[in-house]
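Have a look at the structure below, then the notes.
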Amino acid sequence: MESTINGIHHITAIAGNAKRNHDFYTKTLGLRMVKKTVNFDDPETYHLYYGDKEGTPGTILTFFPWENIMTGRRGSRQATEIGYSVPEGSLDFWQKRFEDHNVIYNKVAEKFGEQYLTFLDPDGLKLELIVSKTADNRLPWETDEIKAENATKGFHNVTITTNKMQPTADILTNVFGYKLLEQHVNRYRFVTDAVDNANIVDLVEVPGEVAGHVAGGSVHHVAFRVKNEEVLMEYRDKIAALGLHITEKIDRNYFYSLYFREPGGVLFEIATDNPGFAVDEPVEELGQHLKLPAQYEQYRASLETTLPKLV
């Protein structure tokens, strides 16, 4: 885990109503709210983080909830599916739970020898619960209604839909250190052995697919994980050398980031493990307090009034 890409760090998506988003992910899906903060570029909009107990990279799904955002459209040049790992034998529990909570879902299916259950969040974001065929020993966050035998463990994979697979595959293999593991028809599964989980990217090649529109219910970007800032900047050099535009290092309070758009059109981020989500509140209190970037602290009273109530 030194100078390597260590799988997925986090995935960020766009939502509509903030309370509806919060209720779905903390209550229906049973994730922990890890951080309640604001969008760096739009402080009157939340940036909500959901994950496991400690906000471990590879478990973090984040949202920008814009109240009146139009609904996006899935298509090419997009990350189109987010896969969560769940324990063997848990899919019946989840089907019943989705029925009880009026969640749209499809019947259980199988790909690459793994059972999965597809469902949509309230904004139409497409997710999957997947029974991994490799061991997943991560400890899940439990709630009163969702115990460890059923709870999500963190990401299994992310799926990218593309018109032409190879340019994106070249970034994954030549830069990020992934390798092609399996192929079924037009779905190509890439994996890194730098980590055991949250280490899969599926590329689905559909030459004639119209480009999607990123808005409500869409993935905004996919963030890949590195150990620290030194490794982060090594990857900046590698990507810049390919002639791709990549940002300078950005301090996101809980990690340091670089952003670039891969040749297939998806916004990629590379994010560090350090300093982590406990840098400004103890693990026991993660997600309980509104945490603001320093430049917005002076507006706290106003923002606490403006931002929608989540509970």
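For what it's worth, this note's numbering labels the leading residue of the sequence shown as 1184, then goes sequentially. Quick reminder that beta carbons are idealized off the backbone N, C-alpha and C, glycines included.
Between 1343, 1303 and 1371, which has its C-alpha nearest residue 1405's C-alpha?
Sequence index remark: in the sequence shown, residue 1405 carries index 222 (1-based). Nearest C-alpha to residue 1405: 1343.
Report the rounded CA-to-CA distance for residue 1391 versus residue 1200, giving the unit in angstroms.
Sequence index remark: in the sequence shown, residue 1391 carries index 208 (1-based). Sequence index remark: in the sequence shown, residue 1200 carries index 17 (1-based). Taking the straight line from one Cα to the other gives about 33 Å.
What first and last residue would you give for the alpha helix (DSSP H) that runs through residue 1282?
Along the sequence shown, one-based indexing puts residue 1282 at 99. From DSSP, the alpha helix (DSSP H) with residue 1282 extends over 1274–1283.
My assumption, with CB atoms under 8 Å, is that residue 1290 sits in contact with residue 1358. Please give the rounded CB distance.
Within the sequence shown, numbered from 1, the residue matching residue 1290 stands at position 107. Within the sequence shown, numbered from 1, the residue matching residue 1358 stands at position 175. Not quite, the Cβ-Cβ distance comes to about 38 Å (not below 8 Å), so this is no contact.
Best match in 1398, 1476, 1262 and 1221 for proximity to residue 1387 [C-alpha to C-alpha]:
Counting from 1 along the sequence shown, the entry for residue 1387 is found at position 204. If we check each option's Cα against that of residue 1387, 1262 comes out closest.
CA nearest to the CA of residue 1247, picked from 1256, 1494 and 1229
On the sequence shown, position 64 is the one that residue 1247 refers to. Checked all of 1256, 1494 and 1229; the closest Cα to residue 1247 is 1229.
Once the 5 residues before and after residue 1244 are set aside, which same chain residues still bring their CB inside 6 Å of it?
In the sequence shown, residue 1244 corresponds to position 61, counting from 1. Excluding positions up to five away in sequence, the list reads 1194 and 1233.
Unbroken stretches of the beta strand (DSSP E), 3 residues or longer, contained in the stretch 1197–1241
1215–1222 and 1225–1234
Can you give the beta carbon distance from residue 1323 to residue 1235, rounded, assuming they're within the 8 Å contact cut?
On the sequence shown, position 140 is the one that residue 1323 refers to. On the sequence shown, position 52 is the one that residue 1235 refers to. At roughly 7 Å, the Cβ-Cβ gap stays under 8 Å, so residue 1323 and residue 1235 are in contact.
Taking DSSP as the reference, what is the three-state secondary structure of residue 1363?
If you number the sequence shown from 1, residue 1363 lands on position 180. Three-state DSSP puts residue 1363 in a strand.
Buried or exposed for residue 1417, going by 16 or more other Cβ atoms inside 10 Å?
To locate residue 1417, count along the sequence shown from 1; it is residue 234. The residue is exposed, with fewer than 16 neighbouring Cβ atoms inside 10 Å.
Pairwise C-alpha distance: residue 1440 and residue 1452
Taking the sequence shown and counting its residues from 1, one reaches residue 1452 at position 269. Taking the sequence shown and counting its residues from 1, one reaches residue 1440 at position 257. Each residue's alpha carbon lies about 6 Å from the other.
Take residue 1312 and list the residues in its own chain whose beta-carbon comes closer than 6 Å to its own, dropping the five residues that flank it on each side.
Working through the sequence shown from its first residue, we reach residue 1312 at position 129. Hits under 6 Å: 1267, 1269, 1277 and 1300.
Assign residue 1382 to one of three DSSP states: helix, strand, or coil.
As a working mapping, residue 1382 is identified with position 199 in the sequence shown. If DSSP states are grouped into helix, strand and coil, residue 1382 belongs with coil.
Just reading off the alpha helix (DSSP H) that residue 1261 is part of, what are its end residues?
What you label residue 1261 is simply residue 78 of the sequence shown in a count that begins at 1. Taken as a continuous stretch (DSSP letters only), residue 1261 belongs to no alpha helix (DSSP H), being part of the beta strand (DSSP E) at 1261–1269.
Return the Cβ separation of residue 1401 and residue 1255 in integer angstroms, given the expectation that the two are a contact with Cβ distance under 8 Å.
As a working note, residue 1401 is residue 218 in the sequence shown. As a working note, residue 1255 is residue 72 in the sequence shown. That pair is a contact at about 4 Å.
Looking at the structure shown, is residue 1454 part of a helix, part of a strand, or coil, going by DSSP?
Residue numbering aside, residue 1454 sits at position 271 when the sequence shown is read from its first letter. Reduced to three states, the DSSP call for residue 1454 is strand.
Could you tell me the distance, in whole angstroms, from the CA atom of residue 1293 to the CA atom of residue 1215?
Here residue 1293 corresponds to residue number 110 of the sequence shown, with the count starting at 1. Here residue 1215 corresponds to residue number 32 of the sequence shown, with the count starting at 1. Computed Cα separation, rounded: 28 Å.
If you run the structure through DSSP and keep just helix, strand and coil, what is residue 1298?
What you label residue 1298 is simply residue 115 of the sequence shown in a count that begins at 1. In the structure shown, residue 1298 sits in a strand (DSSP, three-state: E or B).
What residue range is occupied by the uninterrupted alpha helix (DSSP H) comprising residue 1421?
Along the sequence shown, read from residue 1 onward, the residue named residue 1421 stands at position 238. Residues 1412–1424.
Could you tell me the alpha carbon to alpha carbon distance between residue 1303 and residue 1287, rounded to whole angstroms?
In the sequence shown, the residue the question calls residue 1303 occupies position 120. In the sequence shown, the residue the question calls residue 1287 occupies position 104. Going from the Cα of residue 1303 to the Cα of residue 1287 covers about 6 Å.
Could you pull the DSSP bridge partners for residue 1441 from this structure?
On the sequence shown, position 258 is the one that residue 1441 refers to. Paired residue(s): 1453.
Does the beta-carbon of residue 1224 have 16 or more other beta-carbons within 10 angstroms, so that it is buried, or is it exposed?
Taking the sequence shown and counting its residues from 1, one reaches residue 1224 at position 41. It counts as exposed.
Do the stretch 1452–1468 and the stretch 1431–1438 touch if we need at least three Cβ pairs shorter than 8 Å?
yes
Within the continuous beta strand (DSSP E) that includes residue 1406, where are the two ends?
By 1-based counting over the sequence shown, the position of residue 1406 is 223. From DSSP, the beta strand (DSSP E) with residue 1406 extends over 1402–1409.
Would you report the Cα separation of residue 1368 and residue 1389, rounded to the nearest angstrom?
For this step, residue 1368 is matched to residue 185 along the sequence shown. For this step, residue 1389 is matched to residue 206 along the sequence shown. Distance between the alpha carbons of residue 1368 and residue 1389 is about 11 Å.
When the Cα atoms are used, what is the spatial distance from residue 1423 to residue 1429?
Residue mapping note: residue 1423 aligns to position 240 of the sequence shown, counting from 1. Residue mapping note: residue 1429 aligns to position 246 of the sequence shown, counting from 1. Roughly 6 Å separates the two Cα atoms.
Residue 1483 - DSSP class collapsed to helix/strand/coil
Reading the sequence shown from its first residue, position 300 is the one you call residue 1483. Looking at residue 1483 - three-state DSSP - the assignment turns out to be helix.
Would a C-beta distance cut-off of 8 Å place residue 1381 and residue 1360 closer than the cut-off?
On the sequence shown, position 198 is the one that residue 1381 refers to. On the sequence shown, position 177 is the one that residue 1360 refers to. No, the Cβ-Cβ distance between residue 1381 and residue 1360 is not below 8 Å.
Give the DSSP-derived three-state secondary structure of residue 1244 in the structure shown.
On the sequence shown, residue 1244 is found 61 positions in, with the first residue counted as 1. Reduced to three states, the DSSP call for residue 1244 is strand.
What's the C-alpha gap between residue 1222 and residue 1337?
By one-based count along the sequence shown, residue 1222 stands at place 39. By one-based count along the sequence shown, residue 1337 stands at place 154. Whole-angstrom Cα-Cα distance: 23 Å.
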